[in-house]
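A.B. asks: One gets the working numbering by counting positions in the sequence shown from 1 and adding 85 to each.
Before I ask anything, here is the structure I am working with.
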Amino acid sequence: MATIYSSIEDGRLGSGNASTWAGARDIATATSFSSGDGQASSPVGTSFSSGRSGNNFSISRAFFLFDTSGISGSVTDASFQIYGYLLDDASMIAVKSTAFGGDGSSSLATSEIDSISGFSSGSSLDGSATVYSSNDFSENTFNENAYNDFGGSSSLRADMQNNDVVIICVMDKTHDYLNVAPTSTSDDGFTGLTFANYSGTDRDPKIVYTEASGYTHSISAVSAENIGKVNDLVTASIGKVNTVD
């Protein structure tokens with residue numbers, strides 16, 4: 086098994102307080118931004134409060150960038166893992182993101198708070214997002230003092246072996262992902278996470294994966310290590326060429 090760690094560019098984007106759920110959840114530009122945290126107590130989740138001046142809502146999402154350019158074989162197993170910190174009050178799901186310029190070419194920006202594949206203002210992401218986790222977390226199940234395993238969907242494995250970068254957004258599932266407004270202070274909450282800027286790598290966000298060696302023969306005198314694809318198929322997915330092993 087091999088491990089890749091999140092870039093130190095990882096971070097969190099938040100809406101700040103808004104008077105409506107849509108104003109928080111569908112905000113186009115984050116008002117709260119942090120990249121470079123070692124640990125943060127509220128990078129993922131939602132909040133609700135009500136008073137004389139009316140209601141207040143907020144959301145926060147975390148974004149992670151992984152360099153997968155060194156993967157040449159077929160990814161047969163993947164496990165996206167994050168180390169907890171302090172709070173565990175939000176449910177969570179990991180989905181594909183187009184932040185960091187979509188290809189890792191730029192730093193996380195406030196304009197990318199909605200940079201989630203399939204995101205549409207006013208709509209649930211259920212059925213439209215590309216889900217990377219195979220193990221989502223309900224409220225109060227995230228371990229605050231250990232790694233938590235989101236697993237890895239077939240979409241995550243495919244993007245790891247086919248793309249040079251994988252970009253992940255971790256967001257609240259119960260409210261943010263499904264676009265269901267929290268209605269009370271007992272119906273919201275945040276979960277704390279450890280980011281790549283934490284000292285060393287023993288708590289960094291990571292993907293642990295298994296890579297198959299794949300196709301190993303030469304074609305037309307070109308050795309296998311210099312062949313990336315045959316007829317647009319990655320070599321790791323090829324067992325035979327013209328029925329020859």
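The beta-carbon is built from N, C-alpha and C at its ideal position, and this holds for glycine as well.
1. In terms of residue numbering, what span does the alpha helix (DSSP H) encompassing Leu74 cover?
2. Taking Cβ to Cβ, would you say Tyr217 is nearer than 7 Å to Ala179?
3. Pull up the DSSP beta-bridge partners for Asn233, would you.
4. How is the beta strand (DSSP E) around Ala107 delimited, first residue to last?
5. Rounded to whole angstroms, how far is the Cβ of Gly96 from the Cβ of Ser119, which I believe are closer than 8 Å?
6. For a quick check, are the C-beta atoms of Leu150 and Glu94 less than 7 Å apart?
7. Please tell me whether Thr131 and Asp257 are closer than 7 Å, where the distance is taken between their beta carbons.
8. Which partner residues of Thr88 appear in the DSSP bridge assignment?
9. Among Tyr170, Ser135, Gly158 and Ser143, which has the Cα closest to the Cα of Ser298?
10. To the nearest angstrom, how far is it from the Cα of Thr259 to the Cα of Ala194?
11. Just to check my reading of the structure: Ser182 and Ile201 have Cβ atoms closer than 8 Å, yes? What is that Cβ distance to the nearest angstrom?
12. Mapping the DSSP letters down to three states, classify Gly186 as helix, strand or coil.
13. Beta strand (DSSP E) containing Lys181: first to last residue?
14. For the candidate residues Tyr90, Gly123, Ile292 and Met86, whose alpha-carbon lies nearest to that of Ser284?
15. Name, in chain order, the residues that DSSP records as bridge partners for Phe227.
16. Taking the beta strand (DSSP E) that Ala125 belongs to, which residues open and close that run?
17. Where does Asp287 sit, in a helix, a strand or coil, going by DSSP?
18. Taking its Cβ as the centre, do 16 or more other Cβ atoms sit within 10 Å of Ser213, making it buried, or is it exposed?
19. Work out the CA separation of Thr105 and Val250 for me, nearest whole Å.
20. Going by DSSP, which residues form a beta bridge with Ile253?
21. Taking the alpha-carbon of Phe165 as reference, which of Cys254, Ser206, Gly189 and Gly277 has the nearest alpha-carbon?
22. Output the distance between the C-alpha atoms of Phe227 and Asp188, rounded to the nearest integer angstrom.
23. For the beta strand (DSSP E) that contains Thr279, what are its first and last residues?
24. I think Pro267 touches Phe280, with their Cβ atoms under 8 Å apart; what is that distance to the nearest whole Å?
25. My output table needs one value for Ser157: the three-state DSSP class, helix, strand or coil.
C.D. replies: So, from the listed chains and residues:
1. This structure cannot settle anything about residue 74, because the visible part of the chain is limited to 86 through 330.
2. Within the sequence shown, residue 217 is the residue found at index 132, counting from 1. Within the sequence shown, residue 179 is the residue found at index 94, counting from 1. Contact flag set, yes.
3. Numbered from its first residue, the sequence shown carries residue 233 at position 148. Answer by DSSP bridge pairing, in chain order: Ile167.
4. If you number the sequence shown from 1, residue 107 lands on position 22. No beta strand (DSSP E) contains Ala107, which is instead part of the alpha helix (DSSP H) from Trp106 to Arg110.
5. Working through the sequence shown from its first residue, we reach residue 96 at position 11. Working through the sequence shown from its first residue, we reach residue 119 at position 34. Right, the Cβ-Cβ distance comes to about 5 Å (below 8 Å), so this counts as a contact.
6. Within the sequence shown, numbered from 1, the residue matching residue 150 stands at position 65. Within the sequence shown, numbered from 1, the residue matching residue 94 stands at position 9. Contact flag set, yes.
7. Residue numbering aside, residue 131 sits at position 46 when the sequence shown is read from its first letter. Residue numbering aside, residue 257 sits at position 172 when the sequence shown is read from its first letter. In contact: Thr131 and Asp257 (Cβ atoms closer than 7 Å).
8. Counting from one through the sequence shown, the residue named residue 88 turns up at place 3. According to DSSP, Thr88 bridges with Val293.
9. Translated into the one-based positions of the sequence shown, residue 298 becomes position 213. For the residues Tyr170, Ser135, Gly158 and Ser143, the minimum Cα distance to Ser298 belongs to Gly158.
10. If you number the sequence shown from 1, residue 259 lands on position 174. If you number the sequence shown from 1, residue 194 lands on position 109. Whole-angstrom Cα-Cα distance: 25 Å.
11. Here the question's residue 182 lines up with position 97 in the sequence shown. Here the question's residue 201 lines up with position 116 in the sequence shown. About 5 Å; that satisfies the 8 Å criterion.
12. The residue you call residue 186 lines up with position 101 of the sequence shown. Gly186: helix per DSSP, three-state reduction.
13. Position 96 of the sequence shown, counted from the first residue, corresponds to residue 181. Residues Ile178 to Lys181.
14. As a position in the sequence shown, residue 284 is number 199, starting the count at 1. Nearest C-alpha to Ser284: Gly123.
15. Position 142 of the sequence shown holds residue 227. Answer by DSSP bridge pairing: none, since Phe227 is not bridged.
16. If you number the sequence shown from 1, residue 125 lands on position 40. Residues Gln124 to Gly136.
17. Locating residue 287 in the sequence shown gives position 202, where the first residue counts as 1. Reduced to three states, the DSSP call for Asp287 is coil.
18. Locating residue 213 in the sequence shown gives position 128, counting from the first residue. Under this definition Ser213 is an exposed residue.
19. Taking the first residue of the sequence shown as position 1, residue 250 is located at position 165. Taking the first residue of the sequence shown as position 1, residue 105 is located at position 20. Approximately 35 Å between the Cα atoms of the pair.
20. Position 168 of the sequence shown holds residue 253. Answer by DSSP bridge pairing, in chain order: Phe149 and Lys181.
21. Residue 165 sits at position 80 when you count from the first residue of the sequence shown. Comparing Cα-Cα distances from Phe165 to each of Cys254, Ser206, Gly189 and Gly277, the minimum goes to Cys254.
22. Counting from one through the sequence shown, the residue named residue 227 turns up at place 142. Counting from one through the sequence shown, the residue named residue 188 turns up at place 103. The straight-line gap from Cα to Cα measures roughly 29 Å.
23. Position 194 of the sequence shown holds residue 279. Taken as a continuous stretch (DSSP letters only), the beta strand (DSSP E) holding Thr279 covers Gly274 to Thr279.
24. As a first step, residue 267 is located in the sequence shown; it is residue number 182 there, counting from the start. As a first step, residue 280 is located in the sequence shown; it is residue number 195 there, counting from the start. So it is not a contact: roughly 25 Å between Cβ atoms.
25. Taking the first residue of the sequence shown as position 1, residue 157 is located at position 72. Ser157: coil per DSSP, three-state reduction.
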